[in-house]
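Enquirer:
There are 2 protein chains.
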Amino acid sequence: METTQREDQRSATERRRRELLEAAERVVLRDGPGASMNAIAAEAGITKPILYRHFGDKGGLYRALAVRHTDALVDALRAALDAPTDRRERVEAALDTYLAAIEARPQVYRFLMHPAEESGGERGFDVGQHSAPLLRRLGEELAMVIAERVDLGADREERARVWGHGIVGMMHAAGDWWLGERPCPRERLVRHLADLLWGGLATAKDLVGGPGL
Amino acid sequence: METTQREDQRSATERRRRELLEAAERVVLRDGPGASMNAIAAEAGITKPILYRHFGDKGGLYRALAVRHTDALVDALRAALDAPTDRRERVEAALDTYLAAIEARPQVYRFLMHPAEESGGERGFDVGQHSAPLLRRLGEELAMVIAERVDLGADREERARVWGHGIVGMMHAAGDWWLGERPCPRERLVRHLADLLWGGLATAKDLVGGPGL
DNA sequence: TATTCACGTTACCGCTAGTAACAACGGATG
DNA sequence: CATCCGTTGTTACTAGCGGTAACGTGAATA
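Sequences listed follow chains A and B, in order.
Under my numbering, the first residue of the first sequence is numbered 4, with each subsequent residue one higher.
Under my numbering, the first residue of the second sequence is numbered 4, with each subsequent residue one higher.
1) GLU51(B) CB to nearest chain A CB: under 8 Å?
2) Taking ALA176(B) and HIS72(A) to be in contact with their CB atoms under 8 Å, please state how far apart those CB atoms are, rounded to whole angstroms.
3) Between ARG164(A) and PRO186(B), how many whole angstroms is the CB-CB distance? I'm expecting something under 8 Å.
4) Counting C-beta neighbours from all protein chains within 10 Å, is the total for VAL30(A) 16 or more, i.e. buried, or is it exposed?
5) Could you name the residues of the same chain whose beta carbon sits closer than 7 Å to that of ARG159(B), not counting the 5 residues immediately before and after it, in chain order?
6) Going by CA-CA distance only, name the one from ARG108(B), LEU204(B), THR206(B) and ALA197(B) that's closest to LEU182(B).
7) Thinking just about the alpha-carbon of each residue, which of HIS195(A), VAL148(A) and LEU199(A) is nearest to the one in LEU80(A)?
8) At a CB-CB cut-off below 9 Å, which residues of chain A make contact with VAL77(B)?
9) Given that MET173(B) touches chain A, what residues does it touch there, using C-beta distances under 8 Å?
10) Interface residues of chain A around PRO188(B) at Cβ under 7 Å?
11) What does GLU161(B) reach in chain A if we use C-beta pairs closer than 8 Å?
12) From what residue to what residue does the alpha helix (DSSP H) around LEU196(B) run?
13) Kindly list the residues whose CB is nearer than 8 Å to the CB of GLY131(A), restricted to its own chain and excluding five residues on each side of it in sequence; keep chain order.
14) When the cut-off is 8 Å and only beta carbons count, does VAL31(A) lie next to chain B?
15) Using a cut-off of 8 Å between C-beta atoms, extract the partners of ALA1(A) located in chain B.
16) Using only CA atoms, which one of GLU106(A), MET116(A) and ALA15(A) lies nearest to GLU184(A)?
17) Determine whether the Cβ of GLY48(A) lies closer than 8 Å to any Cβ atom of chain B.
18) Taking the beta carbon of LEU102(B) as the centre, do at least 16 other beta carbons fall within 10 Å, making it buried, or is it exposed?
19) Could you tell me which residues DSSP pairs with VAL153(A) in its beta bridges?
20) What does ARG164(A) touch in chain B if you count any residue whose Cβ is under 8 Å from its own?
21) Please determine, among LEU199(B), HIS195(B) and ALA69(B), the residue with the shortest C-alpha to C-alpha distance to LEU196(A).
22) Would you grab the beta carbon distance between VAL111(A) and LEU138(A) for me? Rounded to a whole angstrom, and I think it's under 8 Å.
23) How about ASP34(A): is its C-beta nearer than 8 Å to some C-beta of chain B?
24) For PHE114(A), collect the residues of the same chain with a Cβ closer than 6 Å to its Cβ; drop the 5 residues on either side in sequence, then sort them by chain order.
25) Using a Cβ cut-off of 8 Å (strictly closer), state whether ARG139(A) contacts chain B.
26) Inspect the beta-carbon positions of LEU210(A) and ARG18(B) and report whether they are closer than 8 Å.
27) For GLY59(A), count the other beta carbons within 10 Å of its own beta carbon; 16 or more makes it buried, fewer makes it exposed. Which is it?
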């Protein structure tokens with residue numbers, strides 16, 4: 004039963020890996036994105052070199068940690084965009100899904116997006132580009148959905164990608180600002196953003212005050 | 004002539020400060036955003052403590068370095084938005100101004116936006132939130148312009164701020180992606196983004212393929 | 001002449017990410 | 001039984017980082 008042996012080994016290794024990831028997540032949630040490898044190892048009850056054996060470097064651990072949440076978010080967004088309703092409703096559902104996610108787990112969101120801020124320990128998770136991968140991926144996914152479903156004429160792919168990345172960026176920046184200031188309930192933000200995408204800026208009238216400014 | 008003396012001192016100090024900032028900028032442009040205080044000091048021909056006397060900490064140096072470019076960009080955007088043309092043209096001009104800026108000096112842009120990536124030295128400018136301040140400021144500026152000029156009905160301010168941050172985020176994300184992939188000339192990107200803001204997503208027809216997906 | 005003040009240094013601290021070298025357990029194999 | 005091998009774990013280290021304390025130096029002021 005050698006194969007079973009090896010499979011046991013591998014599954015054990017993967018289980019250990021999951022445990023380490025959960026410990027890392029606990030530390031990140033507690034200490035913020037600026038968690039040190041030492042702290043994570045301590046939380047897992049081990050020492051640094053083991054972390055490095057499992058994840059290579061800090062970027063590897065970050066990536067492993069990020070992929071989970073990113074996957075979950077992408078799945079949720081896909082579901083929202085696949086609903087059998089009209090386009091406006093689907094867009095609002097997608098916006099709401101994203102905003103609900105960052106509202107429910109702001110620390111996770113901050114970890115995924117912002118390399119190092121607040122929460123005591125300053126120097127930290129400078130793995131390289133952080134927000135970029137997630138935002139890029141979301142942008143590409145949305146671009147695919149748009150290109151598949153919306154009639155954009157000649158330069159279809161190009162427009163779809165520009166719009167995909169643009170909309171994701173809009174969602175992200177507005178969400179980031181909203182999460183910090185909480186100036187209105189979520190559904191209002193969703194409506195405002197959908198209005199913007201539905202040409203609100205183009206159709207609104209001029210506000211005439213004095214001349215010029 | 005005591006006053007002249009002190010003024011000489013102060014102006015000398017400020018000149019020194021400018022020189023240090025220029026050295027820092029040179030290093031950042033050469034080594035990427037992950038430039039160390041040691042390297043900057045060496046470039047300026049001095050040692051670390053002097054940098055710290057001038058700028059307090061690394062965040063102070065970053066901020067001083069960022070304010071210059073940020074101010075210049077904000078001024079240019081204001082000018083574009085103040086042109087006496089119709090709204091669509093002003094929006095396109097603003098988009099083009101921003102994109103031209105990041106196209107002309109991508110390293111500066113990367114420094115302002117992305118904490119630490121590529122370019123050899125990995126661990127670096129982890130001053131705290133980086134892109135946030137610039138994007139927030141741009142968002143607030145745009146929100147003010149919108150609130151001043153566009154008739155948005157009852158919840159004017161709220162909508163203006165959501166739209167301001169949303170549009171800035173759209174511009175930023177699309178620009179970031181475009182700068183990396185260069186999939187089309189700048190004016191095309193500008194037109195696509197303006198089309199999106201002008202309700203392109205709302206008015207485009209469905210692309211009917213198979214059933215559902 | 002003595003004081004003051006900015007400029008500049010060397011030498012250090014505590015922290016980080018990451019790595020070598022070694023120990024211990026367990027199953028497979030001679 | 002003894003031996004090898006792979007995994008898990010350790011301690012102890014390196015090199016570099018941001019940041020600071022303590023100390024000189026030289027020019028202007030009282």
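Each residue gets a CB set at the ideal place from its N, CA and C atoms; glycine is no exception.
Expert: Quick look at the numbers:
1) The residue you asked about is not Glu; residue 51(B) is Lys in the sequence shown. LYS51(B) does not count as touching chain A.
2) Contact doesn't hold; Cβ gap of about 19 Å is too wide.
3) With 8 Å as the limit, ARG164(A) and PRO186(B) qualify as a contact, their Cβ atoms being about 7 Å apart.
4) Buried, since its Cβ has 16 or more Cβ neighbours within 10 Å.
5) Closer than 7 Å at Cβ, skipping near neighbours: ALA150.
6) ARG108(B) is the residue among ARG108(B), LEU204(B), THR206(B) and ALA197(B) whose C-alpha sits nearest the C-alpha of LEU182(B).
7) Of the candidates HIS195(A), VAL148(A) and LEU199(A), the one whose C-alpha sits nearest the C-alpha of LEU80(A) is VAL148(A).
8) Correct list: empty, because the minimum Cβ distance to chain A is about 16 Å.
9) What MET173(B) touches in chain A: GLY169, ILE170, GLY172, MET173 and ALA176.
10) Those do not exist, as PRO188(B) stays about 11 Å from chain A at its closest Cβ, beyond 7 Å.
11) Under the 8 Å cutoff, chain A gives PRO186, CYS187, ARG191 and HIS195.
12) Element bounds for LEU196(B): 189-200.
13) In this prediction, GLY131(A) has a pLDDT of 42, which is less than 50 and means its spatial position is unreliable; what the coordinates show is noted afterwards. Correct list, in chain order: GLY62.
14) No, VAL31(A) lies away from the interface with chain B (no Cβ there is under 8 Å from its Cβ).
15) The requested residue 1(A) is not part of the displayed model; chain A covers only 4 to 216.
16) The candidate whose alpha carbon is nearest that of GLU184(A) is GLU106(A).
17) With 8 Å as the cut-off, GLY48(A) does not count as an interface residue toward chain B.
18) Counting Cβ neighbours within 10 Å, LEU102(B) comes out buried, since at least 16 surround it.
19) In the DSSP assignment, VAL153(A) is bridged to ASP209(B).
20) Within 8 Å Cβ-Cβ: TRP180 and PRO186.
21) Closest by alpha carbon: LEU199(B).
22) Approximately 15 Å separates the beta-carbon atoms of VAL111(A) and LEU138(A); this is outside 8 Å, ruling out the contact.
23) No - not a single Cβ of chain B is within 8 Å of the one on ASP34(A).
24) Only VAL31 and PRO36 meet the Cβ criterion.
25) With a threshold of 8 Å between beta carbons, ARG139(A) makes contact with chain B.
26) Between LEU210(A) and ARG18(B), the gap from beta carbon to beta carbon reaches 8 Å or more.
27) Flag for GLY59(A) reads exposed.
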